[in-house]
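All remarks here apply to the structure that follows.
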Amino acid sequence: MSSMVEQLNQNAPPSVVTLGGNIESFDQESGVIEFRFEASDAMTHSGGIVQGGFVAGMLDAAMANVVFCVLDKLVILATLEMKVSYLDIVRPGTLRATGHVLRLGKSVAFLEAEIYSADQKLLAKGSSTVRIIDRPPPDLDST
């Protein structure tokens with residue numbers, strides 16, 4: 006596991022912790038990050054379905070963290086646009102998300118991510134355009 010992945014897992018923001026997220030791997034050659042999320046019953050609405058906002062948050066986390074791994078440094082990412090396609094019902098349990106960079110410029114990145122069930126069924130896809138601000142994010146622990 007890369008030192009950036011270890012750093013990101015050890016200093017995960019509260020949103021990723023709430024989503025039960027952990028980076029499982031990053032492949033430098035393919036540029037693909039793999040996350041594991043634990044969707045809890047607390048994330049559900051009627052019928053035991055995970056609310057779409059939590060799914061969007063998981064996709065967003067995979068997309069943001071792949072940028073950090075590709076750049077091998079922490080930067081500020083400002084989401085300019087994000088789209089999510091929900092392809093099937095998401096139930097509580099272990100989910101796998103993959104994320105990759107479509108195009109990386111000096112100040113803008115185009116990203117994609119997917120979420121899969123434990124049995125590898127594609128549940129949701131997301132795409133995002135982010136502005137890259139080349140400085141470290143503020144220390145969340147100082148607030």
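Position in the sequence shown (from 1) plus 5 gives the number in the numbering used here.
Beta carbons: idealized from backbone N, C-alpha and C, even for Gly.
This structure is a prediction, so every number in the text was calculated from the model and none was measured.
message: Is the beta carbon of L24 closer than 8 Å to that of G62?
response: yes
- request: In the DSSP assignment, find the alpha helix (DSSP H) that holds M79 and state where it starts and stops.
  value: One point to set straight first is that residue 79 is Leu, not Met, in the sequence displayed. No alpha helix (DSSP H) holds L79; DSSP gives it neither H nor E.
- request: Count the other C-beta atoms from every protein chain shown that fall within 10 angstroms of the C-beta of A114, then say buried if there are 16 or more, exposed otherwise.
  value: buried
query: Which of helix, strand or coil does DSSP assign to G110?
result: coil
- prompt: Which residues bound the beta strand (DSSP E) around V127?
  reply: Checking the displayed sequence, the identity of residue 127 turns out to be Leu instead of Val. L127 -> beta strand (DSSP E) spans L127 to I138.
- prompt: Should the segment 29-43 be regarded as contacting the segment 79-92, the criterion being three or more beta carbon pairs within less than 8 Å?
  reply: no
message: If you follow the alpha helix (DSSP H) that E11 is in, where does it begin and where does it stop?
response: S8 to Q15
query: Once you ignore the five residues that flank P142 on each side, which residues in its own chain have a CB closer than 8 Å to its CB?
result: So the qualifying residues of the chain are L79, V80 and I81.
field: Outcome for T148 when other beta-carbon atoms lying within 10 angstroms are tallied against a minimum of 16
entry: The predicted position of T148 is uncertain, since its pLDDT is 36 and thus under 50; a value taken from the coordinates is nonetheless stated next. Counting Cβ neighbours within 10 Å, T148 comes out exposed, since fewer than 16 surround it.
G62 in three-state terms, based on DSSP: helix
query: Which value, in whole angstroms, describes the spacing of the CA atoms of L145 and P18?
result: Reliability fails at L145, whose pLDDT of 42 lies under 50, so the model's placement of it is uncertain and the value that follows must be treated cautiously. Near 8 Å, if we compare the C-alpha coordinates of P18 and L145.
- request: Check each candidate in A44, K111 and A66 and name the one with the smallest Cα separation from V95.
  value: Considering only alpha carbons, the answer is A44.
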